[in-house]
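Note that the working numbering numbers the sequence shown so that position 192 is 225, with each residue one more than the last.
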Amino acid sequence: MRRGRRDRQKTAKQQTKRCLWMSLGICSIAVILGALLLHSSGYAGYFISGMRERLEARFPGNDPGGKDPGFQPGDDEPGKHSGEKSDYESGVGTGGGSGNEPDSGESNGSGETINGPGDSTISPMDDGELYRLGVNELGKVPIIMYHDVQDYEAEWVRSRSNLRNDLERFHDLGYSLVLLSDYLSGNISVPAGKAPLVLTFDDGTRGQFRMIEGDEGLIPDPDCAVGILLEFSRTHPEFGHAATFFVNSGNPFGDASRIEENFRFLLENGMEIGNHTRTHANLAYASPEAVVREIGSLVNEVRGICGYEPVSLALPFGGYPRSTESLLAGTWDDQEYVNKGILLVGAEPAPSPFSRKFNPLAIPRIRGSQEELDKWLGEFEEYPDERFVSDGRSETVTIRQGRSADLEPERVLDLEVREYPCDMDSVVP
């Protein structure tokens, strides 16, 4: 009997060991498959960089599988351009700001001057005013992603009429435009009680910008995105016309004869140029050397054309490289480049530039389609406390009491932080 009992115990131990080894084997296979999946998806760079907790935004693969209808393929080699180069500061055009306030009283493209929306000299508001306006500079900022603009609507095309409707809607909901570079640097200059909104256009198509002959020379086509923006800002000057155009090499905006003139027009009218890589490359499949070449050669080309240096990169196809090391900075052909922000394809509003959740390596955008705009603008209408609302002073960051722990200390070093009560009973009349 004792021997039978020992045999049964021995058999039980053997079965336990087999189960344990089988469990370990299954776990190992799961880990290996998970690593391979992350690697093949192009997002492993997130985890390598140690920023997983900041990258919980959704990244659906909703970038176009090819060029937009108006896209003109680039040449193999960057074009040569002559002419005197202007002395633009890195990442800042002479128009600057939000597209509302050309420097030194410059024209907005129509011959009229526009005053800036935010004034750092205005007196701070009392707590009651801040509460009534719903000021919240830790709220989210919509960054809208458009591609082509034509007379029809398609998956990656916004119709002209719908773009005009979008601008009207943004205005009516209390938004004012700011440049992407200003959002990235935390220079949010919009009137008190207004919410910042960033417009971006990928691929540099003719539907986005083209010049035509007017009564007094060349003017932006009123049916291209630039023309539509300028026309709307003439009747809504407080809204502005700031926008960032992400271009590729060779033939941006489909007009090789006017590349320099087109770039200068954008910069001198409160808009800016962004990097969309040299060949519209999917960086998820690029070697580290190719990533540097794609980013750096485009920066060098734009710098050589007009003296301006793009400081933001929109990832073609949403393709994220396996290594993030060269996304924010690198050197190509003995010239350095610096990106203040890397823009994704989707899929939600971006965090405040003062928030701990702000991550320059992964800035989400909202696709400029009816469905996505309805979804996210509707969310802000339903939950207004989620939206960034300005105090009108670019040198202060105003937040509600109890939110200071959500601030990123390094992003507010040179700014005054002000807190105010978040309930009316605590607000002094």
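Just so it is clear, CB atoms sit at the ideal spot from N, CA and C, and this is done for glycine as well. Since this is a predicted model, take the numbers as computed values, not measurements.
Per DSSP, cross-strand counterpart(s) of residue i
i: Met-465; result: In the structure as shown, the chain starts at 34 and stops at 462, and residue 465 therefore has no counterpart that could be examined.
i: Gln-241; result: In the DSSP output, where bridge partners are listed per residue, Gln-241 has none listed.
i: Gln-183; result: Ser-192
i: Ser-209; result: Pro-229
i: Val-169; result: Rather than Val, the amino acid found at residue 169 in this sequence is Asn. Its beta-bridge partners are Val-422.
i: Val-430; result: Val-450
i: Tyr-370; result: Gly-363
i: Ala-383; result: Val-174
i: Gly-247; result: Gly-250
i: Ser-388; result: Leu-440
N- and C-terminal bounds of the beta strand (DSSP E) containing residue i
i: Ile-29; result: No statement about residue 29 is possible, as the shown extent of the chain runs from 34 to 462 and does not include it.
i: Arg-436; result: No beta strand (DSSP E) contains Arg-436, which DSSP labels as neither H nor E.
i: Ile-375; result: 374 to 376
i: Ala-362; result: 362 to 365
i: Leu-346; result: 345 to 347
i: Leu-251; result: 250 to 253
i: Thr-277; result: 277 to 280
i: Arg-451; result: 449 to 453
Outcome for residue i when other beta-carbon atoms lying within 10 angstroms are tallied against a minimum of 16
i: Ala-187; result: exposed
i: Gln-434; result: exposed
i: Asp-236; result: buried
i: Gly-142; result: Residue placement at Gly-142 is flagged as unreliable, the pLDDT there being 37, under the threshold of 50; the coordinate-derived value follows with that caveat. Buried: at least 16 other Cβ atoms inside 10 Å.
i: Ala-258; result: buried
i: Arg-193; result: buried
i: Thr-268; result: exposed
i: Glu-449; result: exposed
i: Thr-453; result: Looking at the sequence shown, residue 453 is not Thr but Tyr. That one is buried.
i: Gly-94; result: Low per-residue confidence applies at Gly-94: pLDDT is 38, beneath 50, and the placement is therefore not dependable, though the value from the model is reported in the following sentence. That one is exposed.
i: Ile-245; result: exposed
i: Glu-170; result: buried
i: Tyr-185; result: exposed
i: Asp-181; result: buried
i: Gly-466; result: No statement about residue 466 is possible, as the shown extent of the chain runs from 34 to 462 and does not include it.
i: Leu-401; result: Leu is not the amino acid found at residue 401; the sequence shown has Gly there. Classification for Gly-401: buried.
i: Asp-199; result: buried
i: Gly-247; result: exposed
i: Leu-251; result: exposed
i: Tyr-416; result: exposed
i: Ala-314; result: buried
i: Glu-301; result: buried
i: Leu-463; result: The requested residue 463 does not occur in the structure, where the chain is confined to residues 34 to 462.
i: Ala-225; result: buried
i: Ser-388; result: buried
i: Asp-31; result: Residue numbering for the chain in the displayed model covers 34 to 462; residue 31 lies beyond these limits and cannot be assessed.
i: Asp-424; result: buried
i: Glu-404; result: exposed
i: Ser-290; result: exposed
i: Asp-215; result: buried
i: Ala-317; result: buried
i: Arg-165; result: exposed
Delimiting residues of the alpha helix (DSSP H) encompassing residue i
i: Ile-328; result: 321 to 339
Any C-beta of chain D under 8 Å from that of residue i
i: Cys-455; result: Absent from the structure is chain D; it holds one protein chain and no more.
- Task: Could you say if the region 399 to 414 and the region 368 to 385 meet the contact criterion of at least three C-beta pairs nearer than 8 Å?
- Result: The region 399 to 414, when compared against the region 368 to 385, does touch it at the 8 Å Cβ threshold.
- Contained alpha helix (DSSP H) runs [length at least 4] in the region 289 to 322, N- to C-terminal order: If we require 4 residues or more, the alpha helix (DSSP H) runs fully inside the region 289 to 322 come out as 292 to 301.
- Query: With contact counted as at least three CB pairs below 8 Å, one residue from each stretch, are the region 314 to 321 and the region 286 to 305 in contact?
  - Reply: When Cβ pairs closer than 8 Å are counted between the two stretches, the region 314 to 321 is seen not to touch the region 286 to 305, the count staying below three.
- Does the count of Cβ pairs from the region 389 to 396 and the region 350 to 368 closer than 8 Å reach three? Cβ pair count under 8 Å is three or more, so yes.
- Counting Cβ pairs, one atom from each stretch, are 3 or more of them under 8 Å apart for the region 330 to 345 and the region 367 to 379? yes
- Is the region 210 to 222 close to the region 266 to 282, with three or more CB pairs under 8 Å? yes
- Query: When the Cβ atoms of the region 289 to 300 are set against those of the region 309 to 316, are three or more pairs found closer than 8 Å?
  - Reply: no
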